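Undergrad: Residues 0 to 213, numbered by numbering that gives the first Met the number 0, are exactly what the sequence shown covers, in order.
Below is a structure I'd like to ask you about.
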Amino acid sequence: MIKIAPSILSADFANLERDIKKVSSADYLHVDVMDGAFVPNITIGVPVVQSIRRCTDMFLDVHLMVEKPARYVEAFARAGAGLLSVHLEADHPVRIAEALNIMEDCGVKKAVALRPITKAEAVLPYIDRLDMVLVMTVEPGFGGQAFMEEQLDTIRRVRAIIDRYNPACELEVDGGVSPKTAPLVTQAGANVLVAGSAVYGSADIPGAIRALRG
Ligand code: DX5
Ligand code: ZN
Numbered sequence: 000m001i002k003i004a005p006s007i008l009s010a011d012f013a014n015l016e017r018d019i020k021k022v023s024s025a026d027y028l029h030v031d032v033m034d035g036a037f038v039p040n041i042t043i044g045v046p047v048v049q050s051i052r053r054c055t056d057m058f059l060d061v062h063l064m065v066e067k068p069a070r071y072v073e074a075f076a077r078a079g080a081g082l083l084s085v086h087l088e089a090d091h092p093v094r095i096a097e098a099l100n101i102m103e104d105c106g107v108k109k110a111v112a113l114r115p116i117t118k119a120e121a122v123l124p125y126i127d128r129l130d131m132v133l134v135m136t137v138e139p140g141f142g143g144q145a146f147m148e149e150q151l152d153t154i155r156r157v158r159a160i161i162d163r164y165n166p167a168c169e170l171e172v173d174g175g176v177s178p179k180t181a182p183l184v185t186q187a188g189a190n191v192l193v194a195g196s197a198v199y200g201s202a203d204i205p206g207a208i209r210a211l212r213g
């Protein structure tokens with residue numbers, strides 16, 4: 000079953016509750032947290048996640064694009080995240096492992112995320128304890144960028160690692176996912192598709208979500 004995770008980065012932040020309700024037929028709500036250091040952009044922080052938690056029952060898939068994410072795991076977990084993704088490039092391996100430990104203590108699901116430059120094999124030290132791996136198909140930082148087709152190889156490799164070491168782990172793809180690229184990423188092994196512009200840029204949002212499911 001393919002799951003769809005609309006990214007509220009493409010929503011109207013002045014009408015966030017309205018725009019969240021528009022994607023209620025999706026599976027997860029993808030929340031992009033950016034700190035202006037790990038990526039050039041600044042977006043959403045803990046208080047916003049807290050407010051989102053109060054206005055929807057959707058599962059909150061929180062993508063942390065921040066330096067040294069272990070510092071913020073507990074706060075986002077308390078704010079209502081259902082899953083947290085930390086980037087493998089955002090800290091030393093020992094601190095990434097610590098971020099996963101804190102997630103475990105807080106009872107949230109655990110994911111690691113890979114920038115396009117990072118090899119699939121970088122997930123190996125963590126794979127047995129992960130609920131999800133997030134493969135970026137754009138450089139993180141902004142919505143509306145073009146899909147990087149060369150990332151299909153990384154998706155295939157991560158799928159092989161998951162199948163071998165932790166088949167229950169989900170494989171999420173984020174960046175430039177559209178009705179055109181969705182079949183490519185699902186064929187490569189992804190089962191959770193993040194989509195910002197393809198969902199919120201559509202006049203028929205439930206239809207766009209159905210189209211992405213394939
Ligand atoms: C980019 C974010 C994405 C972004 C995707 O750094 O992680 O979640 O919202 O947007 P689209 O689907 O427009 O590429
Ligand atoms: Zn994202």
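Positions of the beta carbon are idealized from the N, C-alpha and C atoms, including for glycine.
Being a predicted model, the structure only gives us computed values, none of them experimental.
Helix or strand or just coil, what does DSSP make of L83?
TA: Note: L83 maps to strand in three-state DSSP.
Undergrad: Pull up the distance between the alpha-carbon of N14 and that of A110, whole angstroms please.
TA: Spanning the two alpha carbons is a distance of roughly 29 Å.
Undergrad: Does at least one heavy atom of the ligand DX5 sit under 7 Å from the Cβ of P182?
TA: Outside the cutoff, so no.
Undergrad: Report the CB separation of C168 from M135 in whole angstroms; it is logged as a contact under 8 Å.
TA: About 17 Å separates the two Cβ atoms, so there is no contact after all.
Undergrad: Along the chain, where does the beta strand (DSSP E) that runs through V65 open and close?
TA: That residue, V65, is in no beta strand (DSSP E); it is neither H nor E in DSSP.
Undergrad: Please list, in chain order, all residues of the same chain as L59 whose beta carbon is under 8 Å from its beta carbon, the five residues on each side excluded.
TA: So the list reads Y27, L28, V30, V48, I51, R52, G79, A80, G81 and L82, once near-sequence residues are dropped.
Undergrad: So for L262, helix, strand or coil by DSSP?
TA: Since the displayed the chain opens at 0 and closes at 213, residue 262 lies outside it and no answer follows.
Undergrad: On the CB-based measure, 16 or more other CB atoms within 10 Å of its CB, does R158 come out buried or exposed?
TA: With 16 or more Cβ atoms within 10 Å of its Cβ, R158 is classed as buried.
Undergrad: Compare the C-alpha of E73 against each of D127, N100, R212 and M57 and name the closest.
TA: Ranking D127, N100, R212 and M57 by Cα distance to E73 puts N100 first.
Undergrad: Would you grab the beta carbon distance between K67 and A89 for me? Rounded to a whole angstrom, and I think it's under 8 Å.
TA: Contact flag correct, Cβ pair sits at about 7 Å.
Undergrad: Considering only residues of the region 129 to 199, which uninterrupted beta strand (DSSP E) runs meet the minimum length of 3 residues and lie entirely inside it, listed in chain order?
TA: Listed in chain order, the complete beta strand (DSSP E) runs (minimum 3 residues) inside the region 129 to 199 are 131 to 135, 169 to 173 and 191 to 194.
Undergrad: Mind checking whether A187 and I3 have CB atoms under 8 Å apart?
TA: Contact flag unset, no.
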